[in-house]
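Notes for the one structure printed next.
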Amino acid sequence: MSDNLLEIKDLSIEFRTYDGVVKAINHMTFSVPKGKTVGLVGETGAGKTTTALAIMGLVPNPPGVVTSGSIVFDGTDLLKIRESEMYGYRGKKIGMIFQNPMTSLNPVYTVGHQISDVIKKHQKVDKNEAWKRAGDMLEIVGIPRERLNNYPHEFSGGMKQRACIAMGLSCNPQLLIADEPTTALDVTIQAQILELMKGLKEKYKTSTIFITHALGVVAEIADYVVVVYAGSVIEKGSIREIFEHPTHPYTQGLFGCLPDIESEESEKLHVIKGSMPDPMDLPKGCKFCPRCDKAMDICREEEPEDILICGEHSVKCHLYRKEGTE
Ligand SMILES: Nc1ncnc2c1ncn2[C@@H]1O[C@H](COP(=O)(O)OP(=O)(O)OP(=O)(O)O)[C@@H](O)[C@H]1O
Ligand SMILES: [Mg+2]
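Residue 21 is where the sequence shown starts when you use the working numbering, and the numbers rise one by one after that.
In structure tokens form, the structure reads like this:
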């Protein structure tokens, strides 16, 4: 058996809207090894959330349609199973912390009610035991258990996000998908949440997909990095491979504008000139080509294949074509 808990291969997803077809995910391939954290990095609109939703079987259809590929979780292709079977995975074997905590917390129920509901659903325990375990979960994320009786609006932004992490972990998932869990928070709270997630990673050895647009955050938490651009993986490798030898001009650009990790990262992606192509009108050839200083003729014509650099490090870029593979 493979050491990968999740294998996404050749995944393509488009949104068929009245204005046109949005090619959000284009032949995406990457894996999540058991017990490891994969940082999915890319700028806004790159397709990170859509990838996460696809794994959870939550891409809205219509307008979303999966047009190719497979998402194999522990030996099962999630794209091939029925919705009723998906219940056994979503929120159970696969937990998700959503980009905006308010979309996962219901304002009309107490936090304790919501966390214990998840526990009751997945752990076959009675109401009292579920409430007790919900308190345990809240304490794990650093919130006193007495706060179980509070409503979400009585929590600060950071506490809400912590509560979402507690909820995401309550089902004791094999895979946790955390979609920008720190972006909406101020820097100190961000650092606290990252510390918390690092601690949980050590403790529970849950495989995690950590979605972010910030390389600095990835450095803190990930074992592997997957760089996404216009719905495709343009470079991937171990954290060391990527941080010591960023290879794709886009990844190099991301590093080029990385300020020291302590400072705010809000502007750094914009230092790479231009912007991501319109997913309704993707360029022929390499999708990064229009912004690339090193673009050659072939880049405008042909989409590059994955090229293995070394170990687990691969890149989609014509600059690294091996001689004689024309
Ligand atoms: N329901 C939808 N209908 C139409 N287009 C959509 C829909 N959902 C996402 N898209 C498009 O798919 C592309 C990828 O969006 P996605 O939300 O996955 O990006 P992201 O990488 O998560 O961005 P961000 O960093 O801003 O969260 C974007 O062009 C977006 O506009
Ligand atoms: Mg997103």
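Glycine residues also receive a C-beta, built at the ideal position from the N, C-alpha and C atoms.
(message) Given this structure, state the Cα-to-Cα distance separating residue 354 from residue 53, to the nearest angstrom.
(response) Residue 354 is absent from the structure shown; the chain starts at 21 and stops at 346.
(request) Could you name the residues of the same chain whose beta carbon sits closer than 7 Å to that of residue 339, not counting the 5 residues immediately before and after it, in chain order? (result) Here residue 339 refers to the residue found at position 319 of the sequence shown. Only 314 meet the Cβ criterion.
(request) Say yes only if the C-beta of residue 119 is nearer than 7 Å to one or more non-hydrogen atoms of ligand 2, and no if none qualify. (result) Counting from 1 along the sequence shown, the entry for residue 119 is found at position 99. Because some heavy atom of ligand 2 lies under 7 Å away, the Cβ of residue 119 counts as near it: yes.
(message) Between the alpha carbons of residue 330 and residue 32, how many angstroms are there, rounded?
(response) Along the sequence shown, read from residue 1 onward, the residue named residue 330 stands at position 310. Along the sequence shown, read from residue 1 onward, the residue named residue 32 stands at position 12. The straight-line gap from Cα to Cα measures roughly 26 Å.
(request) Quick one: measure Cβ to Cβ for residue 198 and residue 117, integer angstroms, because I've assumed they're closer than 8 Å. (result) Here residue 198 corresponds to residue number 178 of the sequence shown, with the count starting at 1. Here residue 117 corresponds to residue number 97 of the sequence shown, with the count starting at 1. That belief holds up - the Cβ atoms of residue 198 and residue 117 are roughly 4 Å apart, short of 8 Å.
(request) Tell me where the beta strand (DSSP E) around residue 84 begins and ends. (result) The sequence position of residue 84 within the sequence shown is 64, counting from 1. Start and end: 84-93.
(request) Name the residue from 193, 195, 164 whose alpha carbon lies nearest to the alpha carbon of residue 182. (result) Here residue 182 corresponds to residue number 162 of the sequence shown, with the count starting at 1. Checking every option, the nearest Cα to that of residue 182 belongs to 164.
(message) In the DSSP assignment, the beta strand (DSSP E) including residue 191 goes from what residue to what residue?
(response) Your numbering for residue 191 matches position 171 in the sequence shown. Here residue 191 belongs to no beta strand (DSSP E), and DSSP marks it neither H nor E.
(message) Assuming residue 19 is part of the alpha helix (DSSP H), what are its boundary residues?
(response) Residue 19 lies beyond the stretch modelled for the chain, which goes from 21 to 346, so this question has no answer here.
(request) In angstroms with no decimal places, state the Cα-to-Cα distance between residue 275 and residue 203. (result) Position 255 of the sequence shown, counted from the start, is the residue given in the question as residue 275. Position 183 of the sequence shown, counted from the start, is the residue given in the question as residue 203. Cα-Cα distance, rounded: 19 Å.
(message) Mapping the DSSP letters down to three states, classify residue 298 as helix, strand or coil.
(response) Taking the first residue of the sequence shown as 1, we reach residue 298 at position 278. In the structure shown, residue 298 sits in coil (DSSP, three-state: anything other than H, G, I, E or B).
(request) Return yes when the Cβ of residue 205 is within less than 8 Å of the Cβ of residue 226, no when it is not. (result) Here residue 226 refers to the residue found at position 206 of the sequence shown. Here residue 205 refers to the residue found at position 185 of the sequence shown. No.
(message) Using DSSP's beta-bridge definition, name the partner residues of residue 255.
(response) Stepping through the sequence shown from its first residue, residue 255 is reached at position 235. Partner(s): 247, 335.
(request) Return the CA-CA distance between residue 47 and residue 152, expressed in angstroms with no decimal places. (result) What you label residue 47 is simply residue 27 of the sequence shown in a count that begins at 1. What you label residue 152 is simply residue 132 of the sequence shown in a count that begins at 1. So the alpha carbons of these two residues sit roughly 45 Å apart.
(message) Rounded to whole angstroms, what is the Cα-Cα separation between residue 289 and residue 342?
(response) As a first step, residue 289 is located in the sequence shown; it is residue number 269 there, counting from the start. As a first step, residue 342 is located in the sequence shown; it is residue number 322 there, counting from the start. Its pLDDT being 45, under 50, residue 289 is placed unreliably in this model, and the coordinates cannot settle the point.
(request) Can you check DSSP and say which residues form a bridge with residue 53? (result) Along the sequence shown, one-based indexing puts residue 53 at 33. Partner(s): 24.
(message) What would DSSP say about residue 96, mapped onto helix, strand or coil?
(response) Within the sequence shown, the letter at position 76 stands for residue 96. Strand at residue 96.
(request) Return the CA-CA distance between residue 83 and residue 166, expressed in angstroms with no decimal places. (result) As a working mapping, residue 83 is identified with position 63 in the sequence shown. As a working mapping, residue 166 is identified with position 146 in the sequence shown. Residue 83 and residue 166: Cα-Cα distance of roughly 43 Å.
(request) Check whether the Cβ atoms of residue 184 and residue 115 lie closer than 8 Å to each other. (result) Here residue 184 refers to the residue found at position 164 of the sequence shown. Here residue 115 refers to the residue found at position 95 of the sequence shown. Cβ distance not < 8 Å, so residue 184 and residue 115 don't count as in contact.
(message) Checking the sheet assignment: what are the DSSP bridge partners for residue 327?
(response) Here the question's residue 327 lines up with position 307 in the sequence shown. Answer by DSSP bridge pairing, in chain order: 335.
(message) I'd like to confirm something about residue 63: is its beta-carbon nearer than 7 Å to some heavy atom of ligand 2, or not?
(response) Here residue 63 refers to the residue found at position 43 when the sequence shown is read from its first residue. The answer is no for residue 63.
(request) Please report how far the alpha carbon of residue 194 lies from the alpha carbon of residue 336, in whole angstroms. (result) Position 174 of the sequence shown, counted from the start, is the residue given in the question as residue 194. Position 316 of the sequence shown, counted from the start, is the residue given in the question as residue 336. The straight-line gap from Cα to Cα measures roughly 30 Å.
(message) Three Cβ pairs or more, each shorter than 8 Å: is that satisfied between the segment 94-109 and the segment 55-70?
(response) no
(message) Just to confirm, is the Cβ distance from residue 49 to residue 29 under 8 Å?
(response) As a position in the sequence shown, residue 49 is number 29, starting the count at 1. As a position in the sequence shown, residue 29 is number 9, starting the count at 1. Yes; because the gap between Cβ atoms is below 8 Å, this pair is in contact.
(message) Going residue by residue through the segment 100-164, where are the continuous alpha helix (DSSP H) segments of at least 4 residues, counting only ones entirely within it?
(response) 103-106, 121-124, 131-143, 147-160
(message) For residue 260 and residue 266, what's the separation of their Cα atoms in angstroms?
(response) For the purposes of this step, residue 260 is taken as residue 240 along the sequence shown, with counting starting at 1. For the purposes of this step, residue 266 is taken as residue 246 along the sequence shown, with counting starting at 1. The straight-line gap from Cα to Cα measures roughly 9 Å.
(request) Assign residue 30 to one of three DSSP states: helix, strand, or coil. (result) Start at 1 with the first residue of the sequence shown, and residue 30 comes out as number 10. Residue 30 falls in the strand class under three-state DSSP.
(request) Return helix, strand or coil for residue 48, following the three-state DSSP convention. (result) The residue given as residue 48 occupies position 28 in the sequence shown. Residue state, collapsed to three classes: strand.
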